[in-house]
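Each residue of the sequence shown is one higher than the one before, starting from 217 at the first, in our numbering.
Notes for the one structure printed next.
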Amino acid sequence: MKKIFKLMTLALAGAMFMVACDDTPAPYNPGGGEGGGDDTTKVDTLDITCAKAVELCTALADGASSTETYAITGYITDVYAKINNGQQSFWMSDNNDGQKVVQAYWANLPEGVEKFTAGSKVKITGKLLKYVKTDGTVVTEVKNADVEILENGGSQPGGAKGTGTEADPFNVAGVIAYINTLGADVNSEVEVYVKGKVSANSTSDATIASYGNMTFDMIDEGYTTAIFKAFQVYGPGKQKFTSVSQIAVGDEVVVCGKVVNYKGNTPETVGKGQSYVVSINGKTELPGGGETPDQPGEAKGTGTEADPFNVAGVIAYINTLGADVNSEVEVYVKGKVSANSTSDATIASYGNMTFDMIDEGYTTAIFKAFQVYGPGKQKFTSVSQIAVGDEVVVCGKVVNYKGNTPETVGKGQSYVVSINGKTELPGGGETPDTPGEGLGEVSGNTITLAASAARLDNAAEANTLTLKDGTTLVFEAGSNQNAPKFYTTGSSIRMYPNNTLTVKATKKIASIVITCGSSKGVVGNASGNIKAEPGEVNIGEDTVTIESVNANSTVITDTSTETKIQSQVYVKSIAITYAE
């Protein structure tokens, strides 16, 4: 009997074992074919929201990745990187609300998709990474995610309509298609008309009180993902708005103005009251009335010493340059000081000033005298040497910074010619250290620049530094949203992952030595993840050496995939030795 019971028990166990095997997933065979495969099993993904991704990521250790693979569905709210090797970076949220909740870092473009577009509904698949920035901010990130486009926000079934004229305005799809032909941050040469429905109004009462303009989103009726932003527009008749309620969600509006693809991902009107609403629900009067805005005056002057631009004139000239393009020549600008943002600390450290200029009688058209020296190219010794209401003439190269701030090229490269007609600095000044002669110290065939001698404010972007011999050091963000910056703590220029430093030399380069600073005992050499093209890279304990360049330029890139301090290069000094 015991023998029979034992046999029955074994039979039952075997049956149970066979049932369990039926529940086991079949082996995943990437190679395909019959009888093949390996021991790898197909990884199941868990469908979650952006909010859930943040919750799960919070529980991870700093810099740690999840063991599970997740599929996160949401809307692209900001595309912040150019396409690189079929990949692009963007932010997403559960709602198409502009929030930056989950970062898809170098996500893979799906086949047939040329670029990711803000407003698109997507599903990204990958492992979560808890990325902690140097300032302690925690980012929920998915690296190299595979992306499925669920709804393309860059196109609409209704299609583009209109020609952009007053008689035949663009619809929203039409103006977006037109703007996409301009390139990022390039203003259209002509004003266009756009018709659509108001989907959101982000204007505050404070903005109405101070400026009288509005910012609201427009869509084509029936489509919510393609959005055109009416940015800082006046009302019908170019009147100032007097209440936020004068534009309501659901209103049908026509706006007129020059347009731009701001940062390559936000199609909008050119702001600061340069654009306006033509009609609201077919009416060309502003409900409840408005106020006549303070429009920029007539452009005057030719920009010479004898015939300086007025503020309206220099803004018109700068608008011909394109965003972030320095003028090739110095120009003269005359106007009234409307605000002085210079601190005592800036005067003590650098002796330059930053203040706003306007044409008398007009307050909305502003030209910024940025980091300028005083008359005779002297350093200022007191903030009080430039006062609101002073009439000044400034001289220097000019630029439309970020496409929205007309100003002088800074870092002491521009200067005040006169204050209230006088060419002497009230109270006297100091001679700046070699203005216009460049940076660095020359010894034989080597020029060395210490970051502390680069004349940069704390937390200022490094941008382009010109050395005494004409060689330039061009620091750029690359695909990172953070550009290289100088910090007085540690006296170094911090380069973040994918930041670049281009050395453009006046002679052939034999070698470059970067001495690295440190933070919290960690030397910022990005764990050796540095490349230079051309050049051979050697990493020392606190140096990065690029040898055998044999060219007039080289591009140095921080390619680190580490996090926190270990991912950064702290450029404390850079020494360039020429081959001849």
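The beta carbon of each residue, even a glycine, is placed where N, CA and C say it ideally should be.
All figures in this text were calculated on a predicted structure; none of them were measured in a lab.
Which residues does DSSP list as the beta-bridge partners of G342? Per DSSP, Y286.
Does the distance from the CB of D774 to the CB of N679 come in under 8 Å? Not in contact: D774 and N679 (Cβ atoms no closer than 8 Å).
Check I728 in the structure and name its three-state DSSP category. Judged by DSSP in its simplified three-state form, I728 adopts strand.
Nearest candidate by alpha-carbon position, reference Y631, set T664, G656, V604 and F596: Cα-wise, what sits closest to Y631 is F596.
Exposure of E327, with buried meaning 16 or more beta-carbon neighbours within 10 Å: Exposed: under 16 other Cβ atoms inside 10 Å.
Do Y296 and D401 have their C-beta atoms closer together than 8 Å? Not in contact: Y296 and D401 (Cβ atoms no closer than 8 Å).
Could you pull out every unbroken beta strand (DSSP E) segment of at least 3 residues lying fully inside the segment 556 to 596, listed in chain order? Taken in chain order, the complete beta strand (DSSP E) segments of 3 residues or longer contained in the segment 556 to 596 are 569 to 574 and 583 to 589.
What does W307 pair with, by DSSP beta-bridge criteria? DSSP, once it has assigned bridges, lists D294 and Q319 as partnering W307.
So, using beta-carbon positions, are N403 and N535 closer together than 8 Å? The Cβ-Cβ distance between N403 and N535 falls below 8 Å.
Of all the options T397, V406 and T761, which has the alpha carbon lying nearest to the alpha carbon of A791? When only C-alpha atoms are compared, the closest one is T761.
By a C-beta neighbour count over all protein chains shown, 10 Å radius and 16 as the cutoff for buried, is T274 buried or exposed? Answer is exposed; the Cβ neighbour count stays below 16.
What do you get for S415, buried or exposed, if any count of 16 or more other CB atoms within 10 angstroms of its CB means buried? With 16 or more Cβ atoms within 10 Å of its Cβ, S415 is classed as buried.
Should the segment 611 to 619 be called in touch with the segment 520 to 540, which here means at least 3 C-beta pairs below 8 Å? With a cut-off of 8 Å, the segment 520 to 540 and the segment 611 to 619 count as touching, because enough Cβ pairs lie within range.
Output the distance between the C-alpha atoms of N324 and G279, rounded to the nearest integer angstrom. Going from the Cα of N324 to the Cα of G279 covers about 22 Å.
Relative to the C-alpha of N417, which candidate in F586, K377, E677 and G466 has its C-alpha closest? Selected option, being the one with the closest Cα: G466.
Closest to K454 by C-alpha separation, out of A320, V476, L366 and S495, would be which residue? Nearest of A320, V476, L366 and S495 to K454, Cα basis: S495.
Of all the options D351, L681 and E367, which has the alpha carbon lying nearest to the alpha carbon of N311? The residue with the shortest Cα to Cα distance from N311 is E367.
Inter-residue spacing [alpha-carbon to alpha-carbon] between K788 and T458: Looking at the two C-alpha atoms, the distance is approximately 52 Å.
Through-space distance from T682 to Y566, alpha-carbon basis: Each residue's alpha carbon lies about 17 Å from the other.
8 Å Cβ cutoff met for A361 and A320: In contact: A361 and A320 (Cβ atoms closer than 8 Å).
Close beta carbons around V615, own chain, < 6 Å, minus the five adjacent residues each side: Same-chain partners within the cutoff: N542 and V625.
Where L655 falls, given that 16 or more other Cβ within 10 Å makes a residue buried: With 16 or more Cβ atoms within 10 Å of its Cβ, L655 is classed as buried.
Just list the residues that DSSP pairs S495 with in beta bridges. V470, per the DSSP bridge assignment.
Here's a check: name, in chain order, each residue in its chain whose Cβ is nearer than 8 Å to the Cβ of G374, leaving out the five neighbours to either side. Per-residue confidence for G374 stands at a pLDDT of 49, beneath the threshold of 50, marking its modelled position as unreliable; the derived number appears in the next sentence. Sequence-distant Cβ neighbours of G374 in its own chain, meaning closer than 8 Å and more than five residues away, are N387, A389, D436, G438 and Y439.
Would you call the CB atoms of Y286 and L345 closer than 8 Å? At the C-beta level, Y286 and L345 stay beyond 8 Å of one another.
Report the rounded CA-to-CA distance for T431 versus P452, giving the unit in angstroms. In this structure, the alpha-carbon of T431 lies about 14 Å from that of P452.
Complete runs of the beta strand (DSSP E) confined to the segment 371 to 423 [at least 3 residues]: The segment 371 to 423 contains these whole beta strand (DSSP E) runs: 408 to 417.
Please find out if some non-hydrogen atom of the ligand FMN comes closer than 7 Å to the beta-carbon of T579. Summarising the ligand content, the structure contains no ligands, and the ligand FMN is consequently not present.
Is V599 closer than 8 Å to I563 when the C-beta atoms are compared? The answer is yes: Cβ separation under 8 Å.
For L641, which three-state DSSP category applies? Of the three classes helix, strand and coil, the one that applies to L641 here is coil, per DSSP.
Check each candidate in S309, I531, I746 and T759 and name the one with the smallest Cα separation from Y617. Measuring from the Cα of Y617, the nearest candidate turns out to be I531.
How about G513 and Y578: are their beta carbons less than 8 Å apart? Yes, they are a contact pair.
Of the residues S305, V355 and V318, which one's Cα is nearest the Cα of T333? Taking T333 as reference, the option from S305, V355 and V318 with the minimal CA-CA separation is S305.
In angstroms, rounded to a whole number, what distance separates the CA positions of D606 and E640? Going by the C-alpha atoms only, they are around 14 Å apart.
Going by beta carbon distance, what residues of the same chain come within less than 6 Å of V604, once the five residues before and after it are set aside? The residues are V553.
Three-state secondary structure (DSSP) of N360: Here N360 sits in coil by DSSP.
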